[in-house]
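S.K.: Line by line, the protein sequences are chains A and B.
Under numbering that gives the first Met the number 0, the first residue of the first sequence carries the number 0, and numbering increases by one thereafter.
Under numbering that gives the first Met the number 0, the first residue of the second sequence carries the number 0, and numbering increases by one thereafter.
Glycine included, each C-beta is placed from N, C-alpha and C at the ideal position.
This structure is a prediction, so every number in the text was calculated from the model and none was measured.
Number of protein chains: 2
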Amino acid sequence: MAKSINYSYETLKKFCKDAFLKFGFDDAQSDIIVDVLLTSDLYGIESHGMQRLVRYHKGIEKGLIKVDAKPEIVFETPVSAVIEGNDGMGQLLGHKAMEIAIEKAKTTGMAIVTVRNSNHYGIAGYYAKMACKEGLIGMSMTNSEAIMVPTFGKKAMLGSNPIAIAMPAKPYDFFFDASTTVVTRGKLEVYNKMDKPLPEGWALNKDGKGSSDASDVLKNIVAKAGGGIMPLGGETEQLGSHKGYGYGMFCEIFTSILSMGLTSNHTHLNGKGGTCHGFVAINPAVFGNADDIKEHLSTLLQELRESPKAEGCERIYTHGEKEVIAFKDRLKNGINVNINTVAEMVDLCKYLDMDVKKYLGEEALKLTLNKSSYDM
Amino acid sequence: MAKSINYSYETLKKFCKDAFLKFGFDDAQSDIIVDVLLTSDLYGIESHGMQRLVRYHKGIEKGLIKVDAKPEIVFETPVSAVIEGNDGMGQLLGHKAMEIAIEKAKTTGMAIVTVRNSNHYGIAGYYAKMACKEGLIGMSMTNSEAIMVPTFGKKAMLGSNPIAIAMPAKPYDFFFDASTTVVTRGKLEVYNKMDKPLPEGWALNKDGKGSSDASDVLKNIVAKAGGGIMPLGGETEQLGSHKGYGYGMFCEIFTSILSMGLTSNHTHLNGKGGTCHGFVAINPAVFGNADDIKEHLSTLLQELRESPKAEGCERIYTHGEKEVIAFKDRLKNGINVNINTVAEMVDLCKYLDMDVKKYLGEEALKLTLNKSSYDM
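(1) Are there three or more Cβ pairs, one per stretch, closer than 8 Å when the region 230-250 of chain A is compared with the region 62-80 of chain A?
(2) List, in order along the chain, the chain B residues whose C-beta lies closer than 7 Å to that of Q237/A?
(3) May I ask you to verify whether the region 140-149 of chain A touches the region 256-270 of chain A, counting CB pairs closer than 8 Å and requiring at least 3?
(4) Applying the criterion that 16 or more other CB atoms from any shown protein chain within 10 Å of the CB defines a buried residue, is P196/A buried or exposed?
(5) Cutting at 7 Å between CB atoms, please list the residues of its own chain near L389/B, excluding the five before and the five after it.
(6) Suppose the cutoff is 8 Å on Cβ atoms and the five residues either side in sequence are ignored; what does the same chain contact list for F19/B look like?
(7) Quick one: give me the first and last residue of the alpha helix (DSSP H) that G93/A is part of.
(8) Could you give the DSSP three-state label for V112/B: helix, strand or coil?
(9) Please classify D346/A as buried or exposed, where buried requires at least 16 other C-beta atoms within 10 Å of its C-beta.
(10) Using a 10 Å radius around the Cβ and a threshold of 16 neighbouring Cβ atoms, would you call L36/B buried or exposed?
(11) Flag S139/B as yes if its beta-carbon sits less than 8 Å from any beta-carbon of chain A, otherwise no.
(12) Strictly below 7 Å CB to CB, what residues from chain B border C312/A?
(13) Excluding the 5 residues preceding and the 5 following Y373/A in the sequence, name in chain order all residues of the same chain whose CB lies nearer than 6 Å to its CB.
(14) Using only alpha-carbon positions, find the residue among P198/B, Y120/B and G93/B that is nearest to G239/A.
(15) Compare the C-beta of H318/B against all C-beta atoms of chain A and say whether one is closer than 8 Å.
(16) Report yes or no: is there a C-beta of chain B within less than 8 Å of the C-beta of P161/A?
(17) With a CB to CB cut of under 6 Å and the five nearest residues on each side skipped, what residues in its chain are close to M97/A?
(18) Give me whichever residues DSSP pairs with K271/A in a beta bridge.
(19) Quick one: complete beta strand (DSSP E) runs, 3+ long, within the region 220-285 of chain A?
(20) Taking just the CA atoms, how far does A123/A sit from M49/A?
(21) What number of angstroms, rounded off, separates the C-alpha of S214/A from the C-alpha of A222/A?
(22) With a cut-off of 8 Å, does the C-beta of D291/A fall near any C-beta of chain B?
(23) If you follow the beta strand (DSSP E) that I72/B is in, where does it begin and where does it stop?
(24) What would DSSP say about L20/B, mapped onto helix, strand or coil?
(25) Since G137/A contacts A325/A with CB under 8 Å, what's their CB separation in whole angstroms?
(26) Taking 8 Å as the cut-off, decide whether the C-beta atoms of T180/A and P230/A are in contact.
(27) For D291/A, report the span of its alpha helix (DSSP H) as first-last.
(28) Check each candidate in R184/B, L303/B and I164/B and name the one with the smallest Cα separation from L157/B.
(29) Please name the residue, chosen from L303/A, K349/A and A309/A, that lies closest to T317/A on a Cα-to-Cα basis.
(30) CB-CB under 6 Å to G93/B, same chain, minus the five flanking residues each way: which ones, in chain order?
(31) According to DSSP, is L52/B helix, strand or coil?
(32) Tell me the residue span of the beta strand (DSSP E) that contains T141/A.
(33) For the alpha helix (DSSP H) holding Y6/B, just list the boundary residues, first then last.
(34) I'd like to know whether the C-beta of F175/B is nearer than 8 Å to at least one C-beta of chain A.
(35) Which residues mark the beginning and the end of the beta strand (DSSP E) in which N335/A is found?
(36) Is G270/A closer than 8 Å to N116/A when the C-beta atoms are compared?
In C-alpha cells:
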C-alpha cells in the first residue's frame, strides 16, 4: 500500500491558496501563508509543511487563530518594535514583523521586533531568509506550547523554541534553523504518523523517564500530563543538557520576555494560544564592506565543506546546503505527502466544501477512505 | 598526597595582580585582567581561572600576546564598531569593546562591537555580565583555536566558540555561558591534570573516532593532527550534532566574520593568535518598561526552579544560580587550586622573579618540588 502521494508544488499551492481564501484570508495574506507553508516542504522540513496544515485548520476552527485579527504596534523606537498580535495567524504576524525589522535595520543598522499573542508561524527560518534576501543577517525565534523539559525536571516548561539565523553567502546562503530541543514536536508527529518508535535520547514520558512512544509523548504534551522532549544535549549535564535548556531560554528572552507576552509554559492554556516571536535584522555594512564580509563567510563555508571527512561520510554540509538541494529536487520531482497528512487534507476539503478530486485527485480519496484526521 | 591547595581570593588576587604588573601591564590593566581571571574561579568555572594562567604566561613569553598593544577602532557607526586588537591581551580588548557596546546601547538601544586579532579573553560570560550590571542584556562570544570537529568531519575547524548571554533578573541575573562544543578544551585540560579518562561523547581522536584520552586529544589539537571535541549534540545528526555545529557558526559570524578577522581554523598558526570576539548590548527599555520586563523574566525563572523535579533530582537550576552559589562559597571558604596548576604558578613566580613562599606559601614549594609546567 502506498504510504504517500506525490504532488507537484503547483498542485499543493493551488490547494493551499484556495483553502486559506476559503478560511477568509485575503489574496495577499493567503499568498504569504502558503509560501511559508510550502517553503518548508520544499526545504525538506516535512515536519513544518503540509503535515502542520491540520493544526492551522483546527486552530482556526477552535478560534485560537483569528482570521480577521488586526496587529497593533504597542511600542516602537528606531531600532525596535513590539507587536500585539491579537491572536492573528502566525505567518502574517511574522511576515509583517520581519518587514518592519528589515526596514529599520536598513536605516539604523540593526533592529529587533517582538510579537506577542500570535500563533504557530511555520518554520522560523522563513523569516530569517527574508532578511537574508535583502542582504542582511536575519534571525527569527518563536516560543511555543511547552514541550522542553528543563534539565533535572519532569514537566515541559519551555517550547521547542527554535532559533534561526541566515546570512548571505556564495554559492548558498548560510541558513541555520533548529529547535533548541533535541528534535521538534513536528518530528515526533512525523514518527507518530509513520508508526515508528522514537530513537533513544529524544523524549521523556510523564514520569520523566526516556520514552520511544511518540503517540504517548504527544498525548501527554497536549494533556499537560508531564514529560516532553529533552533539551539539545539530552537529560544530564554530562552531554550538555543545560546548554540546550540555555538556548531555549535565549529564545524565550527574545520572544515572550521582550514582548511581555506569555512564556511557553503559559501558552496554549484555557483556549488561548499566545505564542510569541522575535525577529532580528542586522546590516553587515555597519561592520565594513558587505561584499567583503560575504566573501569572508563564503570562504569559511567552502573550507568546511572541503575539510577531511570522517570514515564512512561522503560530505560535510554547511547549513543551508541541504535545503537548496531539497528545494531544487522537490520543485522538479514533486513533494511526497504522507498518507495520514493526505487524510487531513481530504478532511479539510470537506470542511471547506472544496472538491477533493479536483484538488487532490482520485487517489487521495481512495487511499484515505477509512482515515480521518479526527481519529488521530 | 594533597591534590590541591586552598587559597583565599585575596591571596590569589595579590599574586595575579603583581604577576601582571611584572609582565608590564599598568595598574588599571592588571586589575581588569585579574578580575576576569578570578571571577571565573569564583564562579566555579575552574577551567578558565587560575588553570589558564599558564596560557597567558606562555602567550606573552612567545610574543603571541603583546603587552603594549594599542587597539584601534577601524570601523564605527552609532550601533557598531570593529576593533583591531593588534595582538593585545584578550581581557583588555574584551573589556574595552563591551564598554563601547554598552555606551552605544544606552544611546541607540542596541549595539554590536567586534574585535579581531585578539587573544584568549577568559570566560565569555564576564563581558555579558558587564552589560547586565548596567541593566542591559549582554552577549559575548569568541572564536578560538580550532577544536570543534564539524558534523561528518574529522578535522577540527571551529573553536569551542562560546556564546554567553546575561539579563537582569531577581534574585539572580539570568547568566548563560557555554561553549558550543559538548565541553570546552579547558574541561579536557582539567581532566588531563587529574589524570581522569574522558566520558564517552566528548572527544575524537585524530582519525575521527571517539576517544577518552584527554592528553592525546589535547596534543593532537595543538599539533593540528586531527580530531578534537564534538559539537553540542555529539557526532551524528540523530542527537543534534548539526545544531551544536550551527551554534558554533553563529558564534563565528559575530566574531571573525563581522570583524573580517581570522576564522577559528586560521587562528593559532605560524606564531599568530588572531582570536576574534563579538559583544552585544541591548537596552530592554526599547521594548517597554525595563522593570516590568525584568519582573517578567524573574517570574519565569522562579517557575522553572519550582517546577516538578525528575526522580532523584533535588532541584532545577536556572542559569546563573550555580555561579552565585559558588561565588559566595569561594569568597568565604577560598579557592581550591589543583596541584598541577600550583606548579605552573610556581614556575611563573620563578620566571617573573617573584618570591614563591611570600605569594604562594611554603606548601606550594614543597608539593610541586618535582613538577614543572614545562614538562606538561
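M.R.: Let me spell this out:
(1) With a cut-off of 8 Å on Cβ pairs, the region 230-250 of chain A is not in contact with the region 62-80 of chain A, counting fewer than three such pairs.
(2) Indexing the first sequence from 1 puts residue 237/A at position 238. By Cβ distance, chain B contributes P198.
(3) yes
(4) Numbered from its first residue, the first sequence carries residue 196/A at position 197. Label assigned to P196/A: exposed.
(5) The question about residue 389/B has no answer, for chain B in this structure spans 0 to 375.
(6) On the second sequence, position 20 is the one that residue 19/B refers to. Excluding positions up to five away in sequence, the list reads Q28, S29, I32 and V33.
(7) Within the first sequence, numbered from 1, the residue matching residue 93/A stands at position 94. DSSP places G93/A inside the alpha helix (DSSP H), whose first and last residues are G89 to T107.
(8) In the second sequence, the residue the question calls residue 112/B occupies position 113. Of the three classes helix, strand and coil, the one that applies to V112/B here is strand, per DSSP.
(9) Residue numbering aside, residue 346/A sits at position 347 when the first sequence is read from its first letter. With 16 or more other Cβ atoms within 10 Å, it is buried.
(10) Here residue 36/B refers to the residue found at position 37 when the second sequence is read from its first residue. So L36/B ends up on the buried side.
(11) Start at 1 with the first residue of the second sequence, and residue 139/B comes out as number 140. Output row for S139/B: interface = no.
(12) Locating residue 312/A in the first sequence gives position 313, counting from the first residue. Near C312/A (Cβ distances below 7 Å), the residues of chain B are F151.
(13) The sequence position of residue 373/A within the first sequence is 374, counting from 1. Annotation note: pLDDT 44 at Y373/A (below 50); position unreliable, coordinate value reported separately. The answer is none, since no qualifying residue turns up.
(14) Counting from 1 along the first sequence, the entry for residue 239/A is found at position 240. The shortest C-alpha separation from G239/A is found at P198/B.
(15) For the purposes of this step, residue 318/B is taken as residue 319 along the second sequence, with counting starting at 1. Yes, H318/B lies at the interface with chain A (some Cβ there is under 8 Å from its Cβ).
(16) Position 162 of the first sequence, counted from the first residue, corresponds to residue 161/A. It does not: the Cβ of P161/A has no partner Cβ on chain B nearer than 8 Å.
(17) Locating residue 97/A in the first sequence gives position 98, counting from the first residue. Closer than 6 Å at Cβ, skipping near neighbours: Y126, M129 and F278.
(18) Counting from 1 along the first sequence, the entry for residue 271/A is found at position 272. The partner list for K271/A (beta bridge, DSSP) reads L268/A.
(19) 274-281, all fully within the region 220-285 of chain A.
(20) As a working note, residue 49/A is residue 50 in the first sequence. As a working note, residue 123/A is residue 124 in the first sequence. So the two alpha carbons sit approximately 16 Å from each other.
(21) Counting from one through the first sequence, the residue named residue 214/A turns up at place 215. Counting from one through the first sequence, the residue named residue 222/A turns up at place 223. Cα to Cα, the separation comes out at about 12 Å.
(22) By 1-based counting over the first sequence, the position of residue 291/A is 292. It does; some Cβ of chain B falls within 8 Å.
(23) Here residue 72/B refers to the residue found at position 73 when the second sequence is read from its first residue. Unbroken beta strand (DSSP E) run through I72/B: E71 to T76.
(24) As a position in the second sequence, residue 20/B is number 21, starting the count at 1. In the structure shown, L20/B sits in a helix (DSSP, three-state: H, G or I).
(25) For the purposes of this step, residue 137/A is taken as residue 138 along the first sequence, with counting starting at 1. For the purposes of this step, residue 325/A is taken as residue 326 along the first sequence, with counting starting at 1. Contact doesn't hold; Cβ gap of about 20 Å is too wide.
(26) Indexing the first sequence from 1 puts residue 180/A at position 181. Indexing the first sequence from 1 puts residue 230/A at position 231. The answer is yes: Cβ separation under 8 Å.
(27) Position 292 of the first sequence, counted from the start, is the residue given in the question as residue 291/A. Start and end: A289 to E305.
(28) Looking up residue 157/B in the second sequence gives position 158. Looking only at R184/B, L303/B and I164/B, the smallest Cα-Cα distance to L157/B is reached by R184/B.
(29) As a working note, residue 317/A is residue 318 in the first sequence. Nearest to T317/A by alpha-carbon distance, out of L303/A, K349/A and A309/A, is L303/A.
(30) Here residue 93/B refers to the residue found at position 94 when the second sequence is read from its first residue. Excluding positions up to five away in sequence, the list reads Y120, Y126 and H276.
(31) Position 53 of the second sequence holds residue 52/B. Correct three-state label for L52/B: helix.
(32) As a first step, residue 141/A is located in the first sequence; it is residue number 142 there, counting from the start. Start and end: I136 to T141.
(33) Counted from its first residue, the second sequence places residue 6/B at position 7. Counting along the chain, Y6/B falls outside any alpha helix (DSSP H), though it belongs to the beta strand (DSSP E) covering S3 to Y6.
(34) By 1-based counting over the second sequence, the position of residue 175/B is 176. F175/B belongs to the set of residues whose beta carbon lies under 8 Å from a beta carbon in chain A.
(35) Within the first sequence, numbered from 1, the residue matching residue 335/A stands at position 336. Per DSSP, N335/A belongs to the beta strand (DSSP E) from I334 to N337.
(36) By one-based count along the first sequence, residue 116/A stands at place 117. By one-based count along the first sequence, residue 270/A stands at place 271. Taking 8 Å as the Cβ cut-off, N116/A and G270/A do not qualify as a contacting pair.
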